[in-house]
Structure formats: structure tokens, C-alpha cells
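Counting the sequence shown from 1 gives a position; the working numbering is that position plus 1100.
Think of the CB as a built atom: it goes at the ideal place given N, C-alpha and C, for glycine as much as any other residue.
Step one of this worksheet: look at the structure below.
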Amino acid sequence: MSDVTSGGLTADEIDALLRLPVPARLATLDRDGYPAIVPVWLEWDGSTAWIVARAAAMYVANLGRDPRVGLSVVDPDDPDRRIQVRGRAKIAAGPGPLTGRTLDIARAMAERHEGAAGLAYIEQTLDWPRVLVAITAEQIRSWGSPDWHPRYRPPSSDPRRANP
């Protein structure tokens, strides 16, 4: 992952933030080319972001037309710590009922996000058609400080440019 990351967080901090039980925001491109942003649960395995989606979800159709995506995750306890992932998505399994790896990932996410109630929901909806989406990161940007990056500051605020 280190070859695609930049910003204020270390690789371990990025990994930890992507594993928090908080909704990520997934951006796809709709049929007219406009961004469509939806909250999703995600399972991060250290190199791939996995999403278990309802097969008929509009964003699944969007992925079929254009695999380019963006993900955004913000630390709920420190909104200055955030991540932006740019990558490409593919349907890794489905559509079909929850089975195999798709079921394993769905259970892990449901338990992390909603505990026993989440697991009960998964069991009640096993036959509902889902797809397993795999997102491969091409770039991960992160922020870990409320301070401005030097490129955003006016030139006069850069001490290296000050006249002696």
C-alpha cells in the first residue's frame, strides 16, 4: 500500500481508519457522468476494499458502466483524520444469494457495525440478491492534522520565502 499513499497518516493509521465501524462514502459516476455518492459499509483487508451491495443498487449499475470510484472515510472522533481513496471497482461475485466469501464479508461488516442485530439481519436476508464489489486502490490520500499543507498557504506565510 505504501506506493499509493500520501498525506498526513502512516500506512498503519490508514489501515486502522479503514477498519473502523463507520460508513464510508462511495462515489461512482451515474449514466449522465455526474458523481453519485452513497454511504456504504466496507471491509478493508489491507489492500482491497470490499463492499457487499444489493444487486439492484444504482451504484452497482454505475460500476458496470464505469469502474472508476472514490471512497471517503472520516474518523468520527477526530474529523481532521480522513482518507480519500481513488481506484477501480469490479464485481467479484454475484449477483446471487449470500454465500461463500460474500457471506463471510457481509457477516463481518454487519457484526462490526450493528452487532447481534446486524448478524440477525444477514441471516434473515440470505436469499436476497447481492454482489461482492472489490475496489483496488490506485491512490490513497490522507489527512491527519488540522494544519494547512504548505501548498495551500499564501507565499508570504512560507518562512523559506521570507526576506532576511
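Rounded to the nearest angstrom, what separates Trp1228 and Thr1199 at their Cα positions?
Translated into the one-based positions of the sequence shown, residue 1228 becomes position 128. Translated into the one-based positions of the sequence shown, residue 1199 becomes position 99. Their backbone Cα atoms lie some 11 Å apart in a straight line.
Classify Ser1256 as helix, strand or coil using the three-state DSSP reduction.
Position 156 of the sequence shown holds residue 1256. Residue state, collapsed to three classes: helix.
Residues in its own chain within less than 6 Å of Pro1135 by CB, not counting five upstream and five downstream?
Here residue 1135 corresponds to residue number 35 of the sequence shown, with the count starting at 1. The answer, listed in chain order, is Ala1127.
Taking the beta carbon of Met1209 as the centre, do at least 16 other beta carbons fall within 10 Å, making it buried, or is it exposed?
On the sequence shown, residue 1209 is found 109 positions in, with the first residue counted as 1. Classification of Met1209: buried, given that the 10 Å Cβ count is 16 or more.
Roughly how many angstroms lie between the CA atoms of Asp1204 and Val1173, to the nearest whole one?
As a working mapping, residue 1204 is identified with position 104 in the sequence shown. As a working mapping, residue 1173 is identified with position 73 in the sequence shown. Approximately 22 Å between the Cα atoms of the pair.
Which word fits Thr1202, buried or exposed, when buried means at least 16 other C-beta atoms lie within 10 angstroms of its C-beta?
Translated into positions along the sequence shown, residue 1202 becomes position 102. Answer is buried; the Cβ neighbour count reaches 16.
Specify the secondary structure class of Leu1120 as computed by DSSP and reduced to three states.
One-based indexing of the sequence shown puts residue 1120 at position 20. Of the three classes helix, strand and coil, the one that applies to Leu1120 here is coil, per DSSP.
On the three-state DSSP scale, how would you describe Gly1108?
The residue labelled residue 1108 in the question sits at position 8 within the sequence shown. If DSSP states are grouped into helix, strand and coil, Gly1108 belongs with coil.
With a 10 Å radius around its C-beta and 16 neighbouring C-beta atoms as the bar for buried, classify Leu1226 as buried or exposed.
Residue 1226 sits at position 126 when you count from the first residue of the sequence shown. Exposed is the call here.
Look at the alpha carbon of Tyr1159 and the alpha carbon of Ala1116, and state the distance between them as a whole number of angstroms.
What you label residue 1159 is simply residue 59 of the sequence shown in a count that begins at 1. What you label residue 1116 is simply residue 16 of the sequence shown in a count that begins at 1. Answer to the nearest angstrom: the Cα atoms are 26 Å apart.
Buried or exposed by the 16-neighbour rule on C-beta atoms within 10 Å, applied to Gly1164
Start at 1 with the first residue of the sequence shown, and residue 1164 comes out as number 64. Classification of Gly1164: exposed, given that the 10 Å Cβ count is below 16.
Taking the alpha-carbon of Gln1224 as reference, which of Arg1207, Ala1156, Ala1124 has the nearest alpha-carbon?
Position 124 of the sequence shown, counting from 1, holds the residue named residue 1224. The residue with the shortest Cα to Cα distance from Gln1224 is Arg1207.
Please report the distance separating the alpha-carbon of Ala1157 from that of Arg1131.
Translated into positions along the sequence shown, residue 1157 becomes position 57. Translated into positions along the sequence shown, residue 1131 becomes position 31. Going from the Cα of Ala1157 to the Cα of Arg1131 covers about 14 Å.
Straight-line Cα distance separating Gly1196 from Ala1111
For the purposes of this step, residue 1111 is identified with residue 11 of the sequence shown, where counting begins at 1. For the purposes of this step, residue 1196 is identified with residue 96 of the sequence shown, where counting begins at 1. Between Ala1111 and Gly1196, the C-alpha separation is close to 35 Å.
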